[in-house]
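What follows is a set of notes on a single structure, which appears directly below.
Numbering (the working numbering), first residue to last: 289 to 491.
Rendered as structure tokens:
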């Protein structure tokens with residue numbers, strides 16, 4: 289891809305990202321994307337074969353950003369407890385600093401119900417997150433970091449933790465007054481039973 293085409297594609301993806309936050313996936317029109325990006329409609333078709341191709345590129349763009357942020361934070365944690373705290377900080381970061389990302393993510397996961405291609409991407413992302421968290425929880429269990437885990441199945445525990453993350457993010461996105469973001473982290477760590485030593489390290 290040429291430098292100019294890459295730059296145009298990135299502008300279009302950013303425009304589509306902003307519009308999905310405003311009108312959802314179903315309300316997205318290529319003409320509106322072109323107008324928001326400041327290009328003509330032909331440029332959209334030049335950069336992306338179809339609207340679906342653009343949406344899939346946007347979805348990968350969002351996931352790549354999530355992975356980059358996640359890896360950067362996880363690199364700061366040495367112990368399993370610190371890595372879980374980093375995963376929690378990643379979610380509070382999105383809630384506090386990138387609420388639009390939460391809306392866009394929700395719009396795409398909704399699209400997965402009726403779009404098989406998007407569904408496979410979402411399933412792959414969830415599986416990746418589940419396996420990563422399961423490995424962290426398994427190591428933490430061996431160290432005694434998570435005494436309150438409700439199940440001995442680390443993959444199930446990872447799924448439950450992901451449900452807490454995503455469910456609380458969804459509730460806060462719908463009703464920011466429902467609870468304080470700071471309480472979000474405390475509640476999750478209390479559910480895990482992080483011991484005082486681990487809490488001290490995460491600070």
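All C-beta atoms in this analysis are idealised placements derived from N, C-alpha and C, irrespective of residue type, glycine included.
{"Asked": "Indicate the three-state DSSP secondary structure (helix, strand or coil) for residue 438 in the structure shown.", "Found": "coil"}
{"Asked": "Where does residue 488 fall in DSSP's three states?", "Found": "Here the model assigns residue 488 a pLDDT of 47, short of 50, so the residue's position is not dependable, and the following value carries that caveat. Of the three classes helix, strand and coil, the one that applies to residue 488 here is helix, per DSSP."}
{"Asked": "Considering only C-alpha positions, which residue in the set 457, 405, 369 and 380 is nearest to residue 436?", "Found": "369"}
{"Asked": "Going straight from the alpha carbon of residue 414 to that of residue 290, what length do you get?", "Found": "33 Å"}
{"Asked": "By Cβ distance, which residues of its chain are closer than 8 Å to residue 466, with the 5 residues on each side in sequence left out?", "Found": "459 and 460"}
{"Asked": "Curious, which full-length alpha helix (DSSP H) runs of at least 4 residues does the stretch 422–469 contain?", "Found": "442–462"}
{"Asked": "Looking only at its own chain, which residues have a Cβ that is under 6 Å from the Cβ of residue 362, when we skip the five neighbours before and after it?", "Found": "371 and 374"}
{"Asked": "Can you tell me whether residue 317 is helix, strand or coil according to DSSP?", "Found": "coil"}
{"Asked": "Looking at the structure shown, is residue 354 part of a helix, part of a strand, or coil, going by DSSP?", "Found": "helix"}
{"Asked": "Would you kindly work out how many angstroms separate the C-alpha atoms of residue 334 and residue 305, rounded to a whole number?", "Found": "19 Å"}
{"Asked": "Taking C-beta to C-beta, are residue 446 and residue 422 nearer than 8 Å?", "Found": "yes"}
{"Asked": "When the Cα atoms are used, what is the spatial distance from residue 337 to residue 295?", "Found": "17 Å"}
{"Asked": "With DSSP run on the structure shown, which of helix, strand or coil describes residue 389?", "Found": "helix"}
{"Asked": "Could you say if the stretch 387–396 and the stretch 335–355 meet the contact criterion of at least three C-beta pairs nearer than 8 Å?", "Found": "yes"}
{"Asked": "So the candidates are 349, 381, 343 and 340; which of them puts its Cα closest to the Cα of residue 360?", "Found": "381"}
{"Asked": "In whole angstroms, what is the alpha-carbon distance linking residue 449 and residue 328?", "Found": "45 Å"}
{"Asked": "Which first and last residues belong to the alpha helix (DSSP H) in which residue 309 is found?", "Found": "291–311"}
{"Asked": "Report the option in 312, 310, 366 and 400 whose CA atom is closest to the CA atom of residue 428.", "Found": "366"}
{"Asked": "Using 8 Å for Cβ pairs, my map puts residue 410 next to residue 309. What's the rounded Cβ distance?", "Found": "Not really, about 18 Å apart at Cβ, beyond 8 Å."}
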